[in-house]
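Quick note, the sequences are listed as chains A and B, same order. The first sequence begins at 22 in our numbering and counts up by one. The second sequence begins at 204 in our numbering and counts up by one. The C-beta atom is built at its ideal place from N, Cα and C for all residues, glycine as well. This report concerns only the one structure given below.
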Amino acid sequence: MIPERVIQTSELTKNYGSFRAVDHLNLSVRAERITGFLGRNGAGKSSTIKMLLGMIQPSSGSGVVLGYRIDDPKQSIEIRRRIAYVGEDKGLYGYMTVAELIRFTRSFYRDWQPDIERRLLAEYRLPPNRKVKALSKGMRTKLALLLALSRRPALLILDEPTEGLDPVSIEELLQTLVSAPANGTTVFFSSHQLSEVERIADDILMIDRGCVVLDMSLEQIRENYRRISLGFSNPAPQLQSILGVEKMRSEGRQITILASSNADAIAQMGRDRGAVDIDVSPVNLREIFLETVQERNRQDQQQHLEREDALV
Amino acid sequence: MLWYKSFRELRTVTLVGAAAMAAACLFVVFYQQPMRATADVPMTYIAYIWKSIYNSLGTDMFLILSVILGSGGLLQERAQGTSGFTLALPVSRRHIVITRAVMGYCSVLIIAAVPIFAVPMASHFIGEYYPVAQTCGFFALWAAGGAVFYGLTFLLAHRLEGDYIAVLVAIPSFMLYGALLNLPWLARLPMLNIFHVINGEDMPFFNEAQHLLAAPLPLLTLTVMFAVSATFILLAARRIEPLDF
């Protein structure tokens, strides 16, 4: 029986020396849904995934995947038996042929589906007798996906799955991922391609500097997130941050607000403070991502400058 | 199927090593006449084979090949970018390391076994005789000595990252060990001299006059060598278990 939450972490932390890659991360992934895992390079996505798979040990905190503890080596084997993983680098054994690598991987899993294997082999046009080292990067990615998808895993974890794929293959992959939950597979994938995430994900988990900065279903994001532009006839007044205001930027006579909820009340507040031009528009994932990340970048730079000033 | 992966990783080195060992044995046997003719002192065919294969070229080649076979493993995989795939398999790290160690040691045994067949058969071809029992005895000595060289390199390969670092560290280490054996207090303990144990030189089980293994092999010493090698491999597994990849 698959638990309702297939991945759950509590205060999960990973330090590499003095650098904290994952910072008290609390995340939860719902079963039989597609969750997009977003973040900048170095945000802690790969470290989180590697901790879930037992490849790196957490510095503190805990995590559970499919009911098994990630920090217990024996339970970690059970996790890996039940999930499929496609890593960021798609590093496969170059000295094996495609057919040999499939045979090798198949031997570890009782739930291997030969019919899916055959279908994907034909669909991806992978030459069975060619050495893996002779495959292009895109073909290697397809082979890694075939190895992951030729089972019906309870959880499919993919780290940048579309990297190196041509547009047709990306489309095929996205279609495969979309149909996975219907077969009882939960998909958890990291990607920089926000448009792809927006197309197929049910839930969005965004992390930055090892912390969750957004955890919401895409439906909620579409329903609730709004960009509110307030135009004033005089220099924009100071507005207080009320419920739902995520980001607020003031430039001359214009105030731009990114709201995660309560858009009507925020617009009303603008009206009350003398806004003459009010525009409320939906926001896409890309804008939310950039706003969130850029704001934190700005804060970082500001703190850095302040520290430098203090030193001078 | 982990054994298959290790087999594929080791196949080329094993085949090339076995072929090189066979070529060395055949070269020594087929060129015995000119070599023996130019020797400083006359020697029997059996003495010539011992000096050429078991006391120089063959042993040196075998030990170097044991060291080369000991390199590799998960750290090398990390450098090659395949460790993520291996570690995502539903097997323990200990299982991965031990399988690699056992398969690597099987390769060592294959190379050690080449003279068992190559020397007596080639000798027969040129009308000479070299006893199979002797080649089998030296096989057992090589198997034990090779295990130590292999085991230490395997441990180094699981501590030092990089393709050839373990080999580059192991070979000078063994040279240093060879130099230390000349220290008077170590010279008094001949069984610590692996180089002599594996070729029989100055050993009670070796007849220096006939250049033949003449007494039962030192089973205790050989057992200790295997135990030392097994310890190195277990240490390698222990080292890998908590490592971040």
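**Item:** Residues sharing a beta bridge with A/V301, DSSP
**Value:** Here the question's residue 301 of chain A lines up with position 280 in the first sequence. Answer is A/I249.
**Request:** Please decide whether B/R211 counts as near chain A, where near means a Cβ-Cβ distance under 8 angstroms.
**Result:** For the purposes of this step, residue 211 of chain B is taken as residue 8 along the second sequence, with counting starting at 1. With 8 angstroms as the cut-off, B/R211 counts as an interface residue toward chain A.
**B/G273 versus A/E327 - alpha carbon distance** = As a first step, residue 273 of chain B must be located in the second sequence, where it is residue number 70. As a first step, residue 327 of chain A must be located in the first sequence, where it is residue number 306. Rounded to the nearest angstrom, the two C-alpha atoms are 54 angstroms apart.
**Asked** Listed in chain order, which residues of the segment 83-101 of chain A have Cβ atoms closer than 9 angstroms to some Cβ of chain B?
**Response** P94, K95, S97, I98, E99, I100 and R101
**Message:** What ranges does the alpha helix (DSSP H) occupy inside the segment 383-442 of chain B, keeping only unbroken runs of at least 4 residues that lie completely in it?
**Reply:** 387-390 and 397-402
**Under 7 angstroms from the C-beta of A/S128: neighbouring residues of chain D** = The chain inventory of the structure shown lacks chain D, comprising the protein chains A and B.
**Request:** Mark A/T56 as exposed unless 16 or more other C-beta atoms lie within 10 angstroms of its C-beta, in which case mark it buried.
**Result:** Along the first sequence, one-based indexing puts residue 56 of chain A at 35. Per the 10 Å Cβ criterion, buried.
**Asked** Taking the DSSP output, what are the residues bridged to A/A280?
**Response** Here residue 280 of chain A corresponds to residue number 259 of the first sequence, with the count starting at 1. BP columns for A/A280 point to A/R247 and A/V266.
**Asked** Sorted by chain position, which residues of the same chain lie with C-beta nearer than 6 angstroms to B/N410's C-beta, five sequence neighbours on each side aside?
**Response** The residue labelled residue 410 of chain B in the question sits at position 207 within the second sequence. Closer than 6 angstroms at Cβ, skipping near neighbours: A417.
**Asked** Can you tell which of A/I278, A/R127 and A/Q259 has its C-alpha closest to the C-alpha of A/G265?
**Response** For the purposes of this step, residue 265 of chain A is identified with residue 244 of the first sequence, where counting begins at 1. For A/G265, the nearest C-alpha among the options comes from A/I278.
**Asked** So, is B/M378 buried or exposed, given that buried needs 16 or more other C-beta atoms within 10 angstroms?
**Response** Within the second sequence, the letter at position 175 stands for residue 378 of chain B. Counting Cβ neighbours within 10 Å, B/M378 comes out exposed, since fewer than 16 surround it.
**Prompt:** Are A/E267 and A/S281 touching if we call contact CB-CB under 8 angstroms?
**Reply:** For the purposes of this step, residue 267 of chain A is taken as residue 246 along the first sequence, with counting starting at 1. For the purposes of this step, residue 281 of chain A is taken as residue 260 along the first sequence, with counting starting at 1. Going by C-beta atoms, A/E267 is nearer than 8 angstroms to A/S281.
**Asked** Taking a cut of 8 angstroms between CB atoms, which residues from the segment 149-164 of chain A lie near chain B?
**Response** none
**Message:** Quick check: the Cα distance between A/Q214 and B/R303, rounded to an integer number of angstroms?
**Reply:** Within the first sequence, numbered from 1, the residue matching residue 214 of chain A stands at position 193. Within the second sequence, numbered from 1, the residue matching residue 303 of chain B stands at position 100. Rounded to the nearest angstrom, the two C-alpha atoms are 39 angstroms apart.
**Prompt:** Quick one: what's got a C-beta closer than 7 angstroms to B/G365's C-beta in the same chain, skipping five residues either side?
**Reply:** As a working note, residue 365 of chain B is residue 162 in the second sequence. Once the five neighbours on either side are set aside, the close Cβ partners of B/G365 are A282.
**Message:** By the three-class DSSP mapping on this structure, what secondary structure does A/F40 have?
**Reply:** Within the first sequence, numbered from 1, the residue matching residue 40 of chain A stands at position 19. Correct three-state label for A/F40: strand.
**Message:** Against chain A, with Cβ distances strictly below 8 angstroms, would B/L179 count as a contact?
**Reply:** As displayed, chain B neither begins before 204 nor continues past 448, which places residue 179 of chain B out of reach and without an answer.
**Item:** Simplified DSSP assignment, three categories, for A/Q196
**Value:** Looking up residue 196 of chain A in the first sequence gives position 175. Three-state DSSP puts A/Q196 in a helix.
**Message:** For chain B, check one thing: does any of its Cβ atoms lie closer than 8 angstroms to the Cβ of A/D110?
**Reply:** As a first step, residue 110 of chain A must be located in the first sequence, where it is residue number 89. Yes, its Cβ sits closer than 8 angstroms to a Cβ of chain B.
**Asked** What residues in its chain sit with their C-beta under 7 angstroms from that of B/I271, if we drop five residues either side in the sequence?
**Response** Mapped onto the second sequence, residue 271 of chain B falls at position 68. Once the five neighbours on either side are set aside, the close Cβ partners of B/I271 are V216 and V370.
**Asked** Taking 8 angstroms as the CB-CB cut-off, is A/I28 touching chain B?
**Response** Here residue 28 of chain A corresponds to residue number 7 of the first sequence, with the count starting at 1. Judged by the 8 angstroms Cβ criterion, A/I28 is not in contact with chain B.
**Message:** DSSP three-state label for A/E25, please.
**Reply:** Here the question's residue 25 of chain A lines up with position 4 in the first sequence. DSSP places A/E25 in coil when its eight states are reduced to three.
**Message:** Let me check one thing: in DSSP terms, what residues is A/I123 bridge-paired to?
**Reply:** Within the first sequence, the letter at position 102 stands for residue 123 of chain A. BP columns for A/I123 are empty, so no partner.
**Request:** Could you tell me the distance, in whole angstroms, from the CA atom of B/F173 to the CA atom of B/I401?
**Result:** The requested residue 173 of chain B does not occur in the structure, where chain B is confined to residues 204 to 448.
**Message:** To be precise: take each residue of the segment 51-84 of chain A, compare its Cβ to all Cβ atoms of chain B, and keep it if any distance is under 8 angstroms. Which residues remain?
**Reply:** K71, L74, G75, M76, I77 and Q78
**Item:** Residues that A/F40 contacts on chain B, provided the C-beta gap is smaller than 9 angstroms
**Value:** Locating residue 40 of chain A in the first sequence gives position 19, counting from the first residue. By Cβ distance, chain B contributes nothing, its closest Cβ being about 13 angstroms from A/F40, past 9 angstroms.
**Prompt:** Are A/W133 and A/R127 close, meaning C-beta to C-beta below 8 angstroms?
**Reply:** Taking the first residue of the first sequence as 1, we reach residue 133 of chain A at position 112. Taking the first residue of the first sequence as 1, we reach residue 127 of chain A at position 106. Yes, Cβ-Cβ distance for A/W133 and A/R127 is below 8 angstroms.
**Request:** Taking 8 angstroms as the cut-off, decide whether the C-beta atoms of B/A343 and B/L260 are in contact.
**Result:** The residue labelled residue 343 of chain B in the question sits at position 140 within the second sequence. The residue labelled residue 260 of chain B in the question sits at position 57 within the second sequence. For B/A343 and B/L260, no; Cβs fall outside 8 angstroms.
**Request:** Measure from the alpha carbon of B/F398 to the alpha carbon of each residue in B/M264, B/I313 and B/C228, then state which is nearest.
**Result:** On the second sequence, position 195 is the one that residue 398 of chain B refers to. Out of B/M264, B/I313 and B/C228, B/M264 has the C-alpha closest to the C-alpha of B/F398.
**Request:** Closer than 9 angstroms by beta-carbon distance: list the chain B residues that pair up with A/Y116, in chain order.
**Result:** Walking along the first sequence from the start, residue 116 of chain A turns up at place 95. Here the neighbours are R211, E212, R214 and T215.
**Request:** Note the first and the last residue of the continuous beta strand (DSSP E) segment covering A/R51.
**Result:** Numbered from its first residue, the first sequence carries residue 51 of chain A at position 30. Here the beta strand (DSSP E) through A/R51 covers S49 to R51.
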